[in-house]
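Residue numbers (the working numbering): 30 to 413.
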């Protein structure tokens, strides 16, 4: 029966001829049989084709595969210290990366593949209003410009990456990758976070404790608290969250019915905590706390004093900065970039952050992050 020619026969045939002609393996062939020797050699040669498979390529051969997809010797500074798993990931999206290397989407995709934590990029175009021309209202849609600067000759984009606990992310790789992929002349500030969730994958609740919520529901890019009959509270359950101190927590939230909705912080396992809520029925922004299960207000800002009315169905960006100040905490509360509360309280000393909705309220959140203080950051400077 005829056999189908193998595309590697042109390599195999001369090697076999030379082996038979020179006879340097006579003793081994005599003891184990020439066919066994030849089959082992043939198998090694045919393994060449696995070099083209990102999943099947042996670890030791990845150094050759990376050259094929563009990571040449000139770029060894980026790839030489990577472990095999990270190098395999880098190779896996390289072709697409070279085609689209200067786009924000391709940079985000690269970071999401390579870093174990979650990541995002902020730039001015994510903020669709002009500062100082609007104050409060739906125009903001819960966006807060404190993250990025106005466009000018020294404009920076802001890359935000979770590195929790510190040292989980290969920061050298991140910086080198941004340096390689960015458009000429673009600057990046890299900020390392304790926590980030953009709710991009339906059903992904891996970073959350259900707490008092009826259910954890992530769909359509939102975390949804949907039981109006009970007060719902959920919180971040990532490593070390119960001991967090001195941080900024911010979240873009929307209430879907009358009542109060917002964020919690410095929350412990006994559910003692601080909270900040937009209180629609009271037309107020309330900083409060639970102590031994008993709620109380710390500060209440009445929006009617500035002629403004908060509403259900509108996105608001709530941001809280809490830092030690002597034996107490300095707490600053912002909504859509405006500071409304600045006070002190010493009741709680540390803890995680999360989302809350009061009885009678349903809540949507499409982004939440926790930034440690002082800010842990580095820069990729201009490259011309």
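Just so it is clear, CB atoms sit at the ideal spot from N, CA and C, and this is done for glycine as well.
Item, Value
"How is residue 305 classed by DSSP in three states: helix, strand or coil?", "strand"
"So, helix, strand or coil for residue 92, using DSSP?", "helix"
"Return the CA-CA distance between residue 144 and residue 335, expressed in angstroms with no decimal places.", "45 Å"
"With a Cβ-Cβ cutoff of 9 Å, do residue 276 and residue 402 count as a contact?", "yes"
"Which same chain residues end up closer than 7 Å to residue 269 when comparing Cβ atoms and leaving out the 5 residues on each side of it in sequence?", "193, 194"
"Let's see if you can read the secondary structure: which residues bound the beta strand (DSSP E) around residue 428?", "For the chain, the structure presents residues 30 to 413; residue 428 sits outside this window and is missing."
"Please classify residue 164: is it buried, with 16 or more other beta-carbons within 10 angstroms of its beta-carbon, or exposed?", "In this predicted model, residue 164 has a pLDDT of only 44, less than 50, meaning its place in the structure is not dependable; the value taken from the coordinates is given anyway. The residue in question, residue 164, is exposed, as its Cβ has fewer than 16 Cβ neighbours within 10 Å."
"Measuring alpha carbon to alpha carbon, tell me which residue in 312, 376, 248 is nearest residue 322.", "376"
"Indicate, with yes or no, if the ligand FMN has a heavy atom lying under 8 Å from the CB of residue 234.", "For the structure depicted, the ligand FMN is absent and the ligand set is empty, with no information on it obtainable."
"Out of 133, 142, 113, 109, which has the shortest C-alpha to C-alpha gap to residue 123?", "142"
"Under three-state DSSP, which class holds residue 128?", "helix"
"Tell me the rounded alpha-carbon separation between residue 284 and residue 185.", "33 Å"
"Roughly how many angstroms separate the alpha carbons of residue 211 and residue 338, rounded to a whole number?", "43 Å"
"For residue 404, count the other beta carbons within 10 Å of its own beta carbon; 16 or more makes it buried, fewer makes it exposed. Which is it?", "exposed"
"Since residue 113 is in the alpha helix (DSSP H), which residue starts that stretch and which ends it?", "113-121"
"Does the Cβ of residue 393 have 16 or more other Cβ atoms within 10 Å, making it buried, or fewer, making it exposed?", "buried"
"What are the boundary residues of the beta strand (DSSP E) that residue 105 is part of?", "Here residue 105 belongs to no beta strand (DSSP E); instead the alpha helix (DSSP H) covers 105-108."
"Give the DSSP-derived three-state secondary structure of residue 297 in the structure shown.", "coil"
"Among residues of its own chain, excluding the 5 on either side of residue 396, which ones have a beta-carbon nearer than 6 Å to its beta-carbon?", "227, 281"
"Quick one: what's residue 246 bridged to in DSSP?", "253"
"Of all the alpha helix (DSSP H) runs that stay within the bounds of the stretch 343-371, which reach a length of 4 or more residues?", "none"
"Roughly how many angstroms separate the alpha carbons of residue 160 and residue 108, rounded to a whole number?", "Residue confidence is low: residue 160 scores 43 on pLDDT, short of 50, so the model does not pin down where it sits. Its coordinate-derived value is still stated next. Whole-angstrom Cα-Cα distance: 42 Å."
"Exposed or buried, what is residue 411 when buried is set at 16 or more other beta-carbons lying within 10 Å of its beta-carbon?", "exposed"
"With 16 other CB atoms within 10 Å as the buried threshold, where does residue 258 fall?", "exposed"
"Considering just the uninterrupted stretch of the beta strand (DSSP E) at residue 147, what are its terminal residues?", "It is not in any beta strand (DSSP E) - residue 147 carries neither H nor E in the DSSP assignment."
"Rounded to a whole number of angstroms, what is the C-alpha to C-alpha distance between residue 298 and residue 223?", "18 Å"
"Report the residue from 288, 128, 203 whose alpha carbon sits nearest the alpha carbon of residue 310.", "288"
"Considering only residues of the same chain and omitting the five flanking positions on each side of residue 305, which have a CB-CB separation below 6 Å?", "291, 292, 316, 347, 349, 362"
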